[in-house]
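Some notes on the structure that comes next.
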Ligand SMILES: [Zn+2]
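In UniProt numbering, the protein residues as written are 1 to 65.
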């Protein structure tokens, strides 16, 4: 049995945790990347907007600069 080419390494989107790709590694490894999916991008935009709303100081600071 030489069939050890299991894809234990996974590349995960750090934003939505979707598995983007797998890698044939000997150990379980996780790499975090960015899936570039539109749904994921939209989710991130929403999160940024809600965090801005929660911290008006950040918004004021960005207006001044
Ligand atoms: Zn994503």
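Ideal Cβ positions, reconstructed from N, Cα and C, are used throughout, including at glycine.
- Does DSSP put residue 10 in a helix, a strand or coil? In the chain shown, residue 10 corresponds to position 10, counting from 1. DSSP places residue 10 in strand when its eight states are reduced to three.
- Message: I'd like to confirm the pairing. Which residues does DSSP put opposite residue 23 in its beta bridges?
- Response: Here the question's residue 23 lines up with position 23 in the chain shown. For residue 23, which the question treats as bridged, DSSP gives the partners 9.
- Query: Hey, would you say residue 18 sits closer than 8 Å to residue 9, going by beta carbons?
  - Reply: Locating residue 18 in the chain shown gives position 18, where the first residue counts as 1. Locating residue 9 in the chain shown gives position 9, where the first residue counts as 1. No, they are not a contact pair.
- List the residues that DSSP assigns as beta-bridge partners of residue 30. Position 30 of the chain shown, counted from the start, is the residue given in the question as residue 30. 10, per the DSSP bridge assignment.
- Task: Kindly provide the chain-ordered list of residues whose Cβ lies closer than 6 Å to any non-hydrogen atom of ligand 3.
- Result: As far as ligands go, the structure on display features ligand 1 and does not contain ligand 3.
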